[in-house]
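2 protein chains.
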Amino acid sequence: MSTGPSIEAIRAAAERIAPHIHRTPVLTCASLDEMAGAGLFFKCENLQKTGSFKIRGATNAVFSLGDAEAARGVVTHSSGNHAAALALAARRRGIAAWIVMPRNAPATKCRAVERYGGKITFCEPNLAARETAAREILERTGAVMIHPYDDDRIIAGQATAALELLEEVPELDFVLAPVSGGGLLSGTAIATKSLRPEARVIGCEPAGADDAFRSLAEGHIVPMPNPQTIADGLRASLAERTFAILRERVDAIHTVSEEEIVAAMRLVWERMKIIIEPSSAVAVAPATLRRLGAEGRPPRRVGIILSGGNVDLGSLPFAGPAGN
Amino acid sequence: MSTGPSIEAIRAAAERIAPHIHRTPVLTCASLDEMAGAGLFFKCENLQKTGSFKIRGATNAVFSLGDAEAARGVVTHSSGNHAAALALAARRRGIAAWIVMPRNAPATKCRAVERYGGKITFCEPNLAARETAAREILERTGAVMIHPYDDDRIIAGQATAALELLEEVPELDFVLAPVSGGGLLSGTAIATKSLRPEARVIGCEPAGADDAFRSLAEGHIVPMPNPQTIADGLRASLAERTFAILRERVDAIHTVSEEEIVAAMRLVWERMKIIIEPSSAVAVAPATLRRLGAEGRPPRRVGIILSGGNVDLGSLPFAGPAGN
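Residue numbers (the working numbering), protein chains in the order written: chain A, 753 to 1076; chain D, 753 to 1076.
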């Protein structure tokens, strides 16, 4: 028996969240195809509401709750895209969202949560403080905890990005997605292996935060206490649930250097004119810079999930003359 | 009798260029709608091949040539997006493109022309030197001059962006487009007034390069010898042809400050996660910052042509904390 949500649960999630999210475009780029030696199909979750795929899982979780349960509100701890996504999903359902954020969370992320009506509780920037703060809110309010990835409803929601991609481009040979806690990659793997079993599913990870790579290589979860990467969305570690799904369904994890992340990010900005965050670039680098999928006649078809586009424009990793 | 290409010529252009261009998406953004007090529909020519709408007109012109004429190649003088567009259109037809560029043209623009196989001739950065260099090439090669905007085939091609926008969102109340030499705005006005006569067509222009505003106000072309604006795509002046079309079909010209251009550009980057160049932001500012179209029940529907996304990432006008 397989772990994680079924393809039926993923299809149900797609129907549940459709009124609340964008059906994001799948973009192509001739000059990147040429560089890659393959046909690249970019699923643009950077253009999604809240600027990342996270709204898919959050919306599915929030709208899966029974009315009485939902009325108590939801709570999570996150310094990133899940926080804003949960706040917006809760607002769409008309319920409260309490978000525990570390004191050093970027101001842009806090403003996004506030814009969507989330109630922020700040805490010290460590996991113990986050969990304590969240537990205190749970006890006080009776709200429902919505974990960013250790939750089948979240995974089913994140899977709908790959579902849409495969509906639009059925004959993919590869599907690439970044991996952090593993919610997106788990969902991507289940959807892909259900609809297109012959496609290889590749998780992409910064070399400086390669806990998924190590965990799959060693056969047990290897925690990553001090991840070092510009990809701020990819610093979480796998949960048992996502680890089990990845073991079953993912073909390989590719790790990329910080230089490759910035180079791939710049390529997409310059050639495709869309803003992706470093976490998304992690899944672009293997295809464009390393030509994964380049040996094939006809050219291989590579799907890439661009996970998000939330960056601080005031501090970008680009300097000097253009790269193209 | 109206000046400029007919709606039939525009439809023919759309059919002619369809195999060679992207049908760009029309994107929406809830938070910008809220700010604008209206429904905004962004036609994303920044995601077009070569990074701007210019490929539409260039492709229509190049593929309108007879075989014998085309075989002699094409020539233009441009330091901007038309240069790259003409080079790519010529390559698609398998003919030569000679591009006269000023010595001080941005390196990114030169590289784009080279990437598409254009043959660059550098000249001194003034109009007389450009025209002399182009004439010399014309005499030597017999190639066909393709002016960036003073040409009905170019105008018909540029008009196809508005045609597609109105096919997708028929009931627009306003259509906004930037104006420089007037090719895009002319085409936009002809397409809009043909398909949706009740929509108001608004040209948008930097206050520091407001020759279209002055020309329409005074009833004759007012040249702009020394335009001052960050919007490098909007420094050209109207031709008699485009001036006549704008007089007939455009409802108003709105001018915006340099601060508004940068603010609107940043808004689109941050909220929509797409890269637009300053020239495109000129058409965003009236809707988002000045709430053009805000008084209406139901909310007014505003179409905005995002003309291009070619910027140098090494020197961006953003600094300091995020704007959202």
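Quick reminder that beta carbons are idealized off the backbone N, C-alpha and C, glycines included.
In this text, all values refer to a predicted model and were calculated from it rather than measured experimentally.
Beta carbon of Pro900 (chain A) nearer than 8 Å to that of Gly933 (chain A): yes
Distance, Ala929 (chain A) Cα to Glu797 (chain A) Cα: 11 Å
Short Cβ contact (8 Å threshold) for Leu840 (chain D) with Thr828 (chain D): no
Sufficient close CB pairs (3 or more, under 8 Å) joining the region 1052–1059 of chain D to the region 787–802 of chain D: yes
Leu936 (chain A) at chain D interface by Cβ criterion, 8 Å: no
Listed by chain order, chain A residues near Asn878 (chain D) by CB distance under 9 Å: Correct list: empty, because the minimum Cβ distance to chain A is about 25 Å.
Own chain, CB closer than 7 Å to Gln857 (chain A), minus 5 neighbours either side, in chain order: In the sequence under discussion, the amino acid at residue 857 (chain A) is Ala, which differs from the Gln named in the question. Closer than 7 Å at the Cβ level, and outside the excluded window around Ala857 (chain A), lie Ser831.
Rounded separation between Glu913 (chain D) and Val814 (chain D) - CA only: The question names Glu, but residue 913 (chain D) in the sequence shown is Ala. Cα to Cα, Ala913 (chain D) sits roughly 18 Å from Val814 (chain D).
Environment of Leu1065 (chain D) [buried if 16+ CB atoms lie within 10 Å]: buried
Span of the alpha helix (DSSP H) around Leu879 (chain A): Leu879 to Thr893
Phe1070 (chain A) versus A:Glu1012, A:Leu1041 and A:Ala881, residue with shortest Cα-Cα distance: A:Glu1012
Per-residue burial, Ser1067 (chain D) [other beta carbons within 10 Å of its own, 16 or more giving buried]: exposed
Contact with chain D by Phe1070 (chain A), beta-carbon distance below 8 Å: yes
Distance, Arg1049 (chain D) Cα to Gly789 (chain D) Cα: 10 Å
Chain-order list of residues whose beta-carbon lies under 6 Å from that of Leu1044 (chain D) (same chain, five-residue window excluded): Pro1038
Status (buried if at least 16 other CB within 10 Å, exposed otherwise) for Ala911 (chain A): buried
Three-state class that DSSP yields for Gly809 (chain A) in the structure shown: helix
Counted within 10 angstroms of its Cβ, other Cβ atoms place Gly985 (chain D) as buried (16 or more) or exposed: buried
Neighbour flag for Gly1045 (chain D) against chain A, beta carbons, 8 Å: no
Rounded straight-line distance, which links the Cα of Phe965 (chain D) to that of Pro975 (chain D): 11 Å
8 Å Cβ cutoff met for Thr1040 (chain D) and Met787 (chain D): yes
Residues near Ile807 (chain D) by beta carbon distance below 7 Å, same chain, minus five either side: Ile773, Gln800, Lys801, Ala837, Leu840 and Ala841
Residues near Arg768 (chain D) in its chain [Cβ-Cβ closer than 8 Å; skip 5 each side]: Thr811, Asn812, Phe815 and Ser816
Within 8 Å, strictly: CB atoms of Thr944 (chain A) and Ala951 (chain A): yes
Classification of Pro949 (chain A) by the beta-carbon crowding that lies within 10 angstroms, buried from 16 upward: exposed
Per-residue DSSP class, three states only, for Arg952 (chain A): strand
Beta-ladder partner(s) of Arg1053 (chain D), from DSSP: D:Gly791
Chain A contact for Ala782 (chain D) (CB, 8 Å cutoff): yes
Chain D contact for Asn856 (chain A) (CB, 8 Å cutoff): no
Any chain D beta carbon closer than 8 Å to Pro771 (chain A): no
Distance cut-off 7 Å: Gly809 (chain A) Cβ against heavy atoms of the ligand SAH: This structure simply doesn't include the ligand SAH, nor any ligand for that matter.
Simplified DSSP state of Met897 (chain A), which is helix, strand or coil: strand
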